[in-house]
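Encoded as structure tokens, the structure appears first; notes follow it.
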Amino acid sequence: MGKIKIGCATDLSDKIAVVTGANTGIGFHTAKLLAKANLKTVVLACRSKERAQSAKEEIEKFCKSGDGENECVVEVMELDLSDTDSINRFAKEFHKKFKRLDVLVNNAGLNMSAGYSGPKVTKQGYEMCMGTNYFGHFMLTSLLLPALQKGKGTSRVVALSSVTSWFGSNKYHYFVKGPSKTKGNYSASKLACLAMTRELQRRLDRQDPDNNVECVAADPGFVASDIWRNYNVVWRMVAGLLALTPEEGAMTSVHAASLKSVKKGQLYMPFSIRLSKVFKLNKGLGYKCMALQRVFAGFCADDCAPKAKDLKSNEKLWDLSVEFCKENGMSASAMGVLNAL
Numbered sequence: 007m008g009k010i011k012i013g014c015a016t017d018l019s020d021k022i023a024v025v026t027g028a029n030t031g032i033g034f035h036t037a038k039l040l041a042k043a044n045l046k047t048v049v050l051a052c053r054s055k056e057r058a059q060s061a062k063e064e065i066e067k068f069c070k071s072g073d074g075e076n077e078c079v080v081e082v083m084e085l086d087l088s089d090t091d092s093i094n095r096f097a098k099e100f101h102k103k104f105k106r107l108d109v110l111v112n113n114a115g116l117n118m119s120a121g122y123s124g125p126k127v128t129k130q131g132y133e134m135c136m137g138t139n140y141f142g143h144f145m146l147t148s149l150l151l152p153a154l155q156k157g158k159g160t161s162r163v164v165a166l167s168s169v170t171s172w173f174g175s176n177k178y179h180y181f182v183k184g185p186s187k188t189k190g191n192y193s194a195s196k197l198a199c200l201a202m203t204r205e206l207q208r209r210l211d212r213q214d215p216d217n218n219v220e221c222v223a224a225d226p227g228f229v230a231s232d233i234w235r236n237y238n239v240v241w242r243m244v245a246g247l248l249a250l251t252p253e254e255g256a257m258t259s260v261h262a263a264s265l266k267s268v269k270k271g272q273l274y275m276p277f278s279i280r281l282s283k284v285f286k287l288n289k290g291l292g293y294k295c296m297a298l299q300r301v302f303a304g305f306c307a308d309d310c311a312p313k314a315k316d317l318k319s320n321e322k323l324w325d326l327s328v329e330f331c332k333e334n335g336m337s338a339s340a341m342g343v344l345n346a347l
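Count along the sequence shown starting at 1, add 6, and that's the number in this note's numbering.
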């Protein structure tokens, strides 16, 4: 059985990073491994400041272990991606504390499958899964874009996607207001994250071909993360046996965030083979191959679901996303940045 090699990121000396959902699971290990790579500061952007504080202490301890002591500053900042008021507050506070941002990992995610019993809509009444996984991150990225454009050298935005994007609907307007009427909200949200990676990059490059912001996507693979917490005990056991650990799952994000050179708009996968070739033959077979995660464990650049490349669909998603920001108190200056793209 294969195993993902755990290691710290490529050197990120003097860079500032933000990782959403960094108090647990994949996000925690992403922040931990990035911090060890000589970051100047890593911001743990989390709903629970209490749990984030515990994560901060663990990361600081990790940075002092092993070969050499890293002096990365670990900051905790409150961020609830299902609440646009919280997103606006986070962005204002970030701009007060920092003049630039070099790495943004949009990691936080919600899966409403199985035994989920939480709210079906966000605080502002948007579909919970799409509102948290996609729209919240779009608004956050938009608000932090001026800081990313002031990054030290190139800046990197990493969006977490999923193989479920191959099954996602790109009729995104079905997943905006009110509770979802279908079970496809998670896959649609992950397709949207992937589509916007490409669309935001296209617009940034159109505005300035030499711009410094690089947008990429990362699929952590089949991971025994907290996203399985609402599933029954059998599925949790299967995940525990066949899936990657959260630390292994974080490595795709870590690589995508820290590689010296990336192709803009690229999707990265935790496989030694290009799984997209299997999905193009048969999506059901491709999904089943996820159970062989450890057999083909590795890291590679891969192709994405065709719907994520649909320009007309991506432009409609952009318009929906800009409207979301407009409806939810984004400042005139921030809206001006978006409208210029």
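Glycine included, each C-beta is placed from N, C-alpha and C at the ideal position.
For Y274, the secondary structure class from DSSP, reduced to helix, strand or coil, is strand. For G304, the enclosing beta strand (DSSP E) stretches over residues 303-308.
Ranked by Cα distance from P185, the first of T160, P125, N218, L151 is P125.
T90 sits in a helix when the DSSP states are folded into three classes. Per DSSP, reduced to three states, the secondary structure at Y140 is helical. The alpha carbon of V164 has as its nearest neighbour, out of R208, V25, F68, the alpha carbon of V25. Looking at the DSSP output, V24 shares a beta bridge with V49, L110.
Excluding five sequence positions before and after A51, the CB atoms of its chain that fall closer than 7 Å to its own CB belong to V24, V25, T26, A28, M83, L85, F96, given in chain order. When S259, D108, S327 are compared, the shortest CA-CA separation from G31 is found for S259. Shown here, L85 sits in coil according to DSSP, grouped into three states, outside any helix or strand. Here DSSP, grouped into helix, strand and coil, assigns C199 to helix. It is roughly 35 Å from the alpha-carbon of F302 to the alpha-carbon of D20.
Annotation: the continuous alpha helix (DSSP H) that includes E66 extends over 55-69. Taken atom to atom, the span from the alpha-carbon of A223 to that of S167 is near 6 Å. In the DSSP annotation of this structure, the continuous segment of the beta strand (DSSP E) that includes C221 starts and ends at 219-224. Taking N320 as the centre and dropping the five residues before and after it, the same chain places the C-beta of A201, E205 closer than 6 Å to its C-beta, in chain order. If you ignore the 5 residues before and after I279, its C-beta comes within less than 7 Å of the C-beta of F302, all in its own chain and listed in chain order. Annotation: the continuous alpha helix (DSSP H) that includes V328 extends over 317-333. S267: not part of any beta strand (DSSP E); DSSP gives it neither H nor E. Counting every other CB atom within 10 Å of its CB across the protein chains shown gives R162 a total of 16 or more, marking it as buried. Short of 6 Å from the beta carbon of P226, and not among the five residues preceding or following it, lie these beta carbons of its own chain, in chain order: I32, G255, T258. Of the candidates E220, V48, R209, T138, V48 places its Cα closest to the Cα of C69.
Among the bridge pairs identified by DSSP, R162 is matched with V109, E220. Residue state for K98 is assigned as helix, using DSSP reduced to three classes. Taking a C-beta distance under 8 Å as the contact criterion, T170 and K189 do not qualify as a contact pair. When DSSP states are grouped into helix, strand and coil, E253 belongs to the helix group. Distance between L291 and F228, taken at the CA atoms: about 15 Å. The three-state reading of DSSP puts Y122 in coil, since its state is none of H, G, I, E or B.
Take Q59, set aside five residues on each side of it, and the residues of its chain with a beta-carbon closer than 7 Å to its own are V82, in chain order.
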